[in-house]
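There are 2 protein chains.
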Amino acid sequence: MNDTDCSIKATLKTVGDRWTLLILRNIFRGIKRFETIQRDLGVARNLLSKRLQHLVENGVIERFLYQEKPDRYEYRLTDKGRALSPSLIALMQWGDQWCSTKEPPVKLIHDNCGSPLTHSVKCNTCETDVRANEIRSLDKFNEQKMNIGVSNES
Amino acid sequence: MNDTDCSIKATLKTVGDRWTLLILRNIFRGIKRFETIQRDLGVARNLLSKRLQHLVENGVIERFLYQEKPDRYEYRLTDKGRALSPSLIALMQWGDQWCSTKEPPVKLIHDNCGSPLTHSVKCNTCETDVRANEIRSLDKFNEQKMNIGVSNES
């Protein structure tokens, strides 16, 4: 499968790197300046610099002058960057469930009502949440059905 | 923030690597044998070996003897592995929307009815889908609200 055949591959070209995803997590949470991101992650400055530049070049974040004299910059999410929110939430909820025996360290809540949020895959026709083993991926090139959640049963 | 403070960080320790996520994508789609994964991804054999071993050690996949004389193995998702389905779907749909101008190469459908699927973050109290700028993350250590989708507005 080449890049144009698979959106997961295309996505991972832009954000498929542990540091990149951690940087984005920080910007989502309001840690937006080079120095504070560097301190929080304990990442090498040149590596952080490269990752931020890659994200700017790919239109995921932008460098924003928030103060003049002295000039100070922060990184802000673009629409493309904000659209990664469900991916980060899904990865976080997997970690909550499978990588820890303790209470989840961070809870996601609906700002309007304070209730906890869940992430789900749903069918708009049946109006139900769909489990992994009810999902099939249809590849237009091969014109065949391929499992995305049921490969263990085959 | 240390590892136990953040489930995203914990998740990325297990699967936060481009090759690892592509290997998992393949196993989800039924490409489950060392040779076929290697051919599909064009990845170096020793790198593939290491990544598969890491996933087995972390309980995400298991090595399964599906034929004897000659013995043949394939990799199967465990429950922990199958639970990554929403994360891969979220990453794929981001790629569909933001990394290509063409029709999505792979469509996800509900096996029961054939309708396309969407993934969403929802509030069970309000019974609505929630947009990124309505989501807040509550950190129990700092006892403060932190944005996860609204950092641009602050």
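Sequences listed follow chains A and B, in order.
Numbering-wise, the first sequence is residues 18 to 171 according to this note's numbering.
Numbering-wise, the second sequence is residues 18 to 171 according to this note's numbering.
Using N, Cα and C, we set each Cβ at its ideal position, and we do this for glycine too.
Taking a C-beta distance under 8 Å as the contact criterion, lysine 26 (chain B) and serine 154 (chain A) do not qualify as a contact pair.
In this chain, the beta strand (DSSP E) harbouring valine 123 (chain B) covers 123 to 127. Pairing leucine 134 (chain B) with isoleucine 152 (chain A) gives a Cβ-Cβ distance under 8 Å.
Pairing lysine 49 (chain B) with glutamate 91 (chain A), the inter-Cα distance amounts to about 44 Å.
Taking one beta carbon from each stretch, the segment 35 to 43 of chain B and the segment 70 to 90 of chain A have fewer than 3 pairs nearer than 8 Å; the two do not touch. Within the segment 33 to 65 of chain B, those residues whose Cβ lies closer than 7 Å to any Cβ of chain A are, in chain order, Gly33, Asp34, Arg35, Leu38, Leu39, Arg42, Ile44, Phe45, Arg46, Gly47, Lys49 and Asp57.
Under the Cβ distance rule, glutamine 84 (chain A) does not count among the residues neighbouring chain B, no pair being separated by less than 8 Å. Not a single CB atom of chain A sits nearer than 8 Å to the CB of glutamate 144 (chain B). Taking a C-beta distance under 8 Å as the contact criterion, serine 66 (chain B) and tryptophan 111 (chain A) do not qualify as a contact pair. Beta-bridge analysis with DSSP links proline 133 (chain B) to B:Ile126. Sequence-distant Cβ neighbours of threonine 145 (chain A) in its own chain, meaning closer than 8 Å and more than five residues away, are Lys139. With fewer than 16 other CB atoms across the displayed protein chains lying within 10 angstroms of its CB, proline 87 (chain A) is exposed. Taking 8 Å as the CB threshold, arginine 153 (chain A) lines the interface with chain B.
Counting the other CB atoms within 10 Å of its CB gives cysteine 116 (chain B) a total of 16 or more, which places it among the buried residues. Straight-line spacing of the CA atoms in aspartate 128 (chain A) and histidine 136 (chain A) works out to 15 Å.
Spanning the alpha carbons of asparagine 63 (chain B) and aspartate 113 (chain B) requires a straight line of approximately 31 Å. For threonine 145 (chain A), the three-state secondary structure derived from DSSP is strand. For leucine 69 (chain A), none of the residues of chain B pass the 9 Å Cβ criterion, the least Cβ distance being about 15 Å.
Taking 8 Å as the threshold, the shortest C-beta distance from arginine 80 (chain A) to chain B does not fall below it.
Within the model, the alpha-carbon separation for arginine 93 (chain A) versus glycine 47 (chain A) is close to 9 Å. DSSP places glutamate 79 (chain A) inside the beta strand (DSSP E), whose first and last residues are 78 to 84. By the 16-neighbour rule on beta-carbons within 10 angstroms, arginine 148 (chain B) is exposed.
Within chain B, the residues placing a beta-carbon under 8 Å from that of valine 147 (chain A) are His127 and Leu134, ordered along the chain. From the listed residues B:Val32, B:Thr142, B:Leu69 and B:Cys130, the smallest Cα separation to serine 132 (chain A) is found for B:Thr142. Take the alpha-carbon of alanine 100 (chain A) and the one of aspartate 57 (chain A): they are about 23 Å apart.
Taking a Cβ-Cβ threshold of 7 Å, the residues of chain B close to valine 138 (chain A) are Pro103, Ile106, Leu134 and His136, in chain order. The continuous stretches of beta strand (DSSP E) do not include leucine 39 (chain A), which lies in the alpha helix (DSSP H) extending over residues 35 to 45. For leucine 72 (chain A), none of the residues of chain B pass the 8 Å Cβ criterion, the least Cβ distance being about 13 Å.
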